[in-house]
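Residue numbers (the numbering used here), protein chains in the order written: chain A, 1 to 691; chain B, 1001 to 1531.
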């Protein structure tokens, strides 16, 4: 036995705060996982975190690494529970936030409702001063009106100030000066300037991001600081880390300064877990699929890399333009399709599943908590895919009567019986997810047949075989401990920051030096920032990317700039890589000049990730884990007598084939006829799909 | 896999696949196009039709382009059915007399899709190119008196034959544009989008069989028709007439008859076509009727050939709404939005609870062409303007939105405008013009100031310059759209329709769009400044 390393991850969700604690023997690599759950405690969220740590009996003094994820930011935004923000904009442009982009996705509808800005007009003020797109000052910044503006803000009860000036991505001096003056005149007020969050052009997106960050900042900062203090009072000696939306973690102090970057931290840890798992088992091209209670999320991981983008939106759908958030977020597609998604028949007799969810209360009809809507979970139960005698790990008795009634009602509207309606629900849910998976693969020029699918979340195992079959994926992996997979991703994350900025220049030999300078300057900034937080430059690893397009286009394609500094002799190779990537996605290339629009540098530092050890695999047929046989309806693949395996009793080296069902307390894996199953040395379920 | 070929779930899966294909075509166009009016204004439509050109579904974009592509495809079929339409063919048209529907700037590409040797579908897209030749940069001259002056005419001809490009045609097209690089880039963008969608449609037909595929399409048509009939059934039947004087002094009129099964729009009693670019093809007039019909009966994005089965539109050949050779069409979109506005007004009077008051009622298209002061590269800025929308029975109107002819249209960020065109933007703010009295006030228009840094040529078309935006149920009128050029020496020129107007450093182009119309008589003052 070696030393025990304790790594813990806590996650604040809407209802529960979860703890996952990994105790790892540093010698054998054997890990023991402990989990605990307690109620989320708004508005003092830190209390729930401290509660769950004591409930899990975690000795904080012995914890070597603590990561923290939270939905507090996204919830504050969607529930409109932030503070009153005052905005200071360039003279002539205070209405940018309200004008927005003018688009109307619901385009036949004359009763469209435009999203309301987070700062009303009377709290949007202006200062004279202009910077050109080249970063040159064309009109001096006049701070004289500022005291009067701040007086008005005080009188109106403003609790945070956002500053966004035109072209600050190119030259932030005016924003810096205004921010310094606000701090001097009103030291207590939180101030956020756009350049400290986003260095890209598009003033509406940048302004809105700055405003949303200011809107959530006081509460997020207060909670993170109380969490820090509470942890250290309980003996934690390390630095707590906070999960970000870019598949990395950041220091608590940095997260408290710009909390908006936590906006998609939940999905990002799951996707990172899939990337890490892929690396562990030697599959670096992965389609990650996370099927939860209300949504399904998917992302493509190419060569071990996740794609990070800055065009994230909240509340955007076919009916609403939503609100942009210009921060680095893992590029994922999310659809309203999970276990709790409600099946419904429209007035024209067509079956739909989602996006509305039965949620935790009342939940699916089969929960017996008064839900009357049929959900995907009810359909899976009805078809025997979920074990009615082992519902929710045996903790809840499945209300088959309620489920049957709800499904029969759907069937009646379709003119079919309950069985067929249940099959229909599963097929429509699957089809919704197939279309989402195509968006991240086929539509970007990637053939899913060349990828391994990693499926997780409560519904990952339930649907993924059918999805993989439809897409031609031949290898599907269900991680060993699917219920704590996202938390595992959090503790496997590196300290990571993505620096994305606009630099418009032609891609030519003459521009090589400028490109290299922009990259080097960004790396220097990163070293300085990390250095100030005690992370030495030697620990940092950089990845460089450029955003390219054909001259006159708008959309860019991001290309990694590998192989050392950008030099004139390397420009042709960069151009060729761009052209090849462009052609893969869009099927053609042009004989036209190429330009660079911006750069993207990622800086990462390992914070001592865990080395997972492979266990001895003894070949066996899995009979030791069999708990029975039952009839399972595989929808399009028919009804079959399936062998039922008990998940916790599966051991490395076991091999068997479908039709089968693997039951865990938290999830069910549906193995179709003809699939070959193998348990690998880490306990992962590997399913080979013979198409 | 045993696929139950005709069960409703399979049909739904195919239908979702068709919708995804149209959306993907849209997304690909947006990401690859060269002209800002395509990737930003999204003056773009994508669609899939059945083998005969009946609209199956459309991608995102703008409502006025939803009903364009089926008409184009039907015309291509009519023109080429006698010869052969083969796998790998691709057609191009922009001529309203050859299925082009709109104006010469809008290029339609259409590709037949075959499965098991049978033509089962078409994929098609339309996009506004920044320049297709003609009298003036941007191709939309207010002085054009015949179509030939508006640029290159592409009369529904082969762009590809059996998978091979007709290279000479590519060369002709590029040689005729003032922006040949843009033309080539946009052309390939459209070709790739059509091909990608065709591939998806073919996969669907191959997976499920052409028979099941065809039944999924028929079921969509039936669903579209059922939705429209349901909406029609909720309206009080009747006949309404309207006459509206336009800024030009012309008197337009329409009669609309609603029954539980039909919606008839009679546009026969209207002026002769003009020797100026304010005409629309009959197809264009039908689109205006389709839009108000959709807004009233089933305002969902779901639209196909079945949706429009109850609609009948009567036009008179040779009239402004059914223009024939050699009429020019450059500003057809103003004619079409004015027609839509008249039909809307007619029905808002009839159904004031169902329809909002009038909006700023114009595309307010603004074109500035020149050379970038820093890079020296030629550019053509083609931008519609945003304006105020009308109030409804329940609330005030929306501030600063694009017109009802638009949809997923995005304004050009000021930061990008200044970088891309070298035109400074002095301000861009909600209009300070008073909104008038009403129970619910109209939304605010927009005030924008452009300052060219280099010599350039301006063209613009602003309706509602003389006749104001209308209110409903006693609500106040909403004001006018205006474009003013303020010269360096202080001279002011006010324009409604203008082209070839030189502007340069020191000049200001100030655009004020109208507030929306009010709803209901003023019982109290509701026009607060704070929102």
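Note that CB positions come from ideal geometry on N, CA and C, so glycine has one too. All values derive from a computational prediction rather than experimental measurement.
Using 8 Å for Cβ pairs, my map puts residue i next to residue j. What's the rounded Cβ distance?
i              : j               : result
residue 260(A) : residue 213(A)  : 4 Å
residue 491(A) : residue 118(A)  : Contact doesn't hold; Cβ gap of about 34 Å is too wide.
residue 587(A) : residue 1195(B) : 7 Å
residue 208(A) : residue 324(A)  : 5 Å
Would a check of beta-carbon distances place residue i closer than 8 Å to chain A?
i               : result
residue 1300(B) : yes
residue 1076(B) : no
residue 1427(B) : yes
residue 1367(B) : no
residue 1284(B) : no
residue 1009(B) : yes
residue 1182(B) : yes
residue 1012(B) : yes
residue 1063(B) : yes
residue 1413(B) : yes
residue 1356(B) : yes
residue 1452(B) : no
residue 1040(B) : yes
Check whether chain B comes within 8 Å of residue i, counting only Cβ atoms and requiring the distance to be less than that.
i              : result
residue 84(A)  : no
residue 518(A) : no
residue 553(A) : yes
residue 105(A) : yes
residue 1(A)   : In this prediction, residue 1(A) has a pLDDT of 49, which is less than 50 and means its spatial position is unreliable; what the coordinates show is noted afterwards. Chain B contact via Cβ: absent.
residue 201(A) : yes
residue 587(A) : yes
residue 95(A)  : yes
residue 435(A) : yes
residue 167(A) : yes
residue 631(A) : no
residue 236(A) : no
Tell me whether residue i is buried or exposed, calling it buried when 16 or more other Cβ atoms sit within 10 Å of its Cβ.
i               : result
residue 1251(B) : exposed
residue 32(A)   : exposed
residue 1078(B) : exposed
residue 528(A)  : exposed
residue 107(A)  : buried
residue 1331(B) : buried
residue 162(A)  : buried
residue 567(A)  : exposed
residue 1138(B) : buried
residue 1517(B) : buried
To the nearest angstrom, report how far apart residue i and residue j are at their CA atoms.
i               : j               : result
residue 379(A)  : residue 414(A)  : 15 Å
residue 1416(B) : residue 1043(B) : 18 Å
residue 1309(B) : residue 1229(B) : 9 Å
residue 1256(B) : residue 1343(B) : 8 Å
residue 386(A)  : residue 627(A)  : 14 Å
residue 279(A)  : residue 304(A)  : 7 Å
residue 83(A)   : residue 148(A)  : 21 Å
residue 1412(B) : residue 24(A)   : 54 Å
residue 620(A)  : residue 681(A)  : 13 Å
residue 457(A)  : residue 266(A)  : 12 Å
residue 156(A)  : residue 663(A)  : 58 Å
residue 1319(B) : residue 1337(B) : 16 Å
Would you check whether the ligand ZN has a heavy atom nearer than 7 Å to the C-beta of residue i?
i              : result
residue 517(A) : Questions concerning the ligand ZN fall outside what the structure shown contains, since it holds no ligand whatsoever.
Just to confirm the assignment: which complete alpha helix (DSSP H) runs, minimum length 4, are found wholly within the region 352-414 of chain A? 376-382 and 400-414
Considering only residues of the region 37-100 of chain A, which uninterrupted alpha helix (DSSP H) runs meet the minimum length of 4 residues and lie entirely inside it, listed in chain order? 45-55, 72-78 and 96-99
Mind listing, in chain order, the continuous alpha helix (DSSP H) runs of no fewer than 4 residues lying wholly within the region 1256-1322 of chain B? 1282-1297
Minimum length 4: unbroken alpha helix (DSSP H) runs contained in the region 1131-1201 of chain B: 1167-1176
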